[in-house]
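Residue numbers (the numbering used here): 90 to 382.
Ideal placement from N, C-alpha and C gives every residue a C-beta, glycine not left out.
Since this is a predicted model, take the numbers as computed values, not measurements.
Shown next, in structure tokens, is the structure this report addresses.
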Amino acid sequence: MKVAIYGQSFQKEDQLCVEELMDELKKLNASIYVEESFYALVATITKEQIKGTFTQSKGLDPSFDMFVSFGGDGTMLRAVTYIKDYGIPIVGVNTGRLGFLSTFKKENVRKLVTEFQAGHFTIEERSLVELELDSELDEFNGLNFALNEITVSRKDTTSMITVETWLDDEYLTSYWSDGLIVSTPTGSTGYSLSCGGPVMVPSAKSLVLTPIAPHNLNARPLVISDNTQIRLKVSGREHTHLVSLDSRIADIPNGKEIRIKKADFTVKMIEYKSESFLKTLRNKLLWGEDKRN
């Protein structure tokens with residue numbers, strides 16, 4: 090068994106769950122690789138068991154059986170930039186508040202290994218969205234995809250922007266708003282949801298366009314087929330606006346055409362039978378609970 094481990098930070102209270110994970114992997118004689126920066130944080134408790142390290146540009150390949158992310162949903166989104174199109178199954182150990190992506194409780198981290206070994210899980214293919222521009226942006230370093238959403242938004246101004254939108258080369262509308270979110274089903278429980286977008290199950294073959302604080306009040310979130318080609322063009326009082334791929338942000342000139350489509354690869358999410366998406370949805374949104382006194 091070959092396992093990659095990643096995290097962006099390490100708190101003292103997380104030490105026990107890291108030790109427990111390593112202990113279970115040791116029982117299986119697993120080959121363990123830790124992200125280079127994270128290794129510097131956890132080396133004192135894992136050094137003897139580590140076979141090697143990896144970075145965003147080297148050390149990973151399709152031969153890995155599992156990628157474990159320690160942190161929250163933001164860490165999981167960053168982890169996807171390491172996995173890329175390698176097809177390595179990923180699972181998130183939540184070290185903070187309950188998330189929609191990082192769902193495995195750190196108190197049960199031993200089960201992450203034992204249930205995987207026992208086959209008590211399914212692999213869920215999560216679609217991504219991809220950004221196309223006439224020229225590459227240094228901020229994205231060639232990683233022009235996002236698991237949750239691609240967003241265009243205003244910059245350095247309180248004035249709204251206009252987002253002209255075409256679907257499959259047919260003009261849709263011009264959103265007069267603070268921006269526009271193009272969300273995957275995975276991202277439907279993130280930024281899009283906070284802006285009034287619908288919740289979609291991860292297996293849905295759809296994308297959703299969600300305007301951010303639209304001034305034209307008849308503008309509503311729109312669910313479209315995920316094979317739709319999307320074109321956007323932004324105008325406004327400032328010379329530039331922001332485009333973000335999940336948590337990665339770049340500044341681009343107004344009027345530059347932005348093309349968005351579904352990426353030609355997926356991310357393999359490990360979903361344990363004990364930690365399903367619907368269970369997380371119920372717990373996170375408090376569905377099914379009687380709050381009457």
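Query: Minimum C-alpha distance to T192 - residue among G163, V198 and N183; Result: N183
Query: Any 3 or more C-beta pairs closer than 8 angstroms across the region 149-164 and the region 96-108; Result: yes
Query: F210 and E204 closer than 8 angstroms at C-beta; Result: yes
Query: Whole-angstrom distance between L190 and T317, CA atom to CA atom; Result: 25 angstroms
Query: L374, buried or exposed, once every other Cβ within 10 Å from all chains shown has been counted against 16; Result: exposed
Query: Distance, K294 Cα to I349 Cα; Result: 16 angstroms
Query: Boundaries (first-last residue) of the alpha helix (DSSP H) holding R243; Result: From DSSP, R243 is part of no alpha helix (DSSP H); its letter is neither H nor E.
Query: C-beta contact flag for E364 and P291 at 8 angstroms; Result: no
Query: Sufficient close CB pairs (3 or more, under 8 angstroms) joining the region 265-275 to the region 228-242; Result: yes
Query: Contact the region 218-234 vs the region 338-356: 3+ CB pairs below 8 angstroms; Result: yes
Query: CB contact flag (V288, T278, <8 angstroms); Result: yes
Query: Classification of H330 by the beta-carbon crowding that lies within 10 angstroms, buried from 16 upward; Result: buried
Query: Residue span of the beta strand (DSSP E) that contains A340, given as start and end; Result: What sits at residue 340 in the sequence shown is Asp, not Ala. It spans R337 to P342 - the beta strand (DSSP E) in which D340 sits, taken as one unbroken run.
Query: Straight-line Cα distance separating G377 from K147; Result: 45 angstroms
Query: Buried versus exposed call for P151 [16 or more other C-beta atoms within 10 Å across all chains shown]; Result: exposed
Query: Segment limits, beta strand (DSSP E) that includes L261; Result: E259 to S266
Query: Cβ-Cβ distance between V180 and L110 below 8 angstroms; Result: no
Query: DSSP state of L110 mapped onto helix, strand, coil; Result: helix
Query: Span of the beta strand (DSSP E), counted from its first residue to its last, around V356; Result: I347 to Y361
Query: Residue-chain proximity (V107, chain D), Cβ-Cβ < 8 angstroms; Result: Absence of chain D from the displayed structure is noted, only one protein chain being present.
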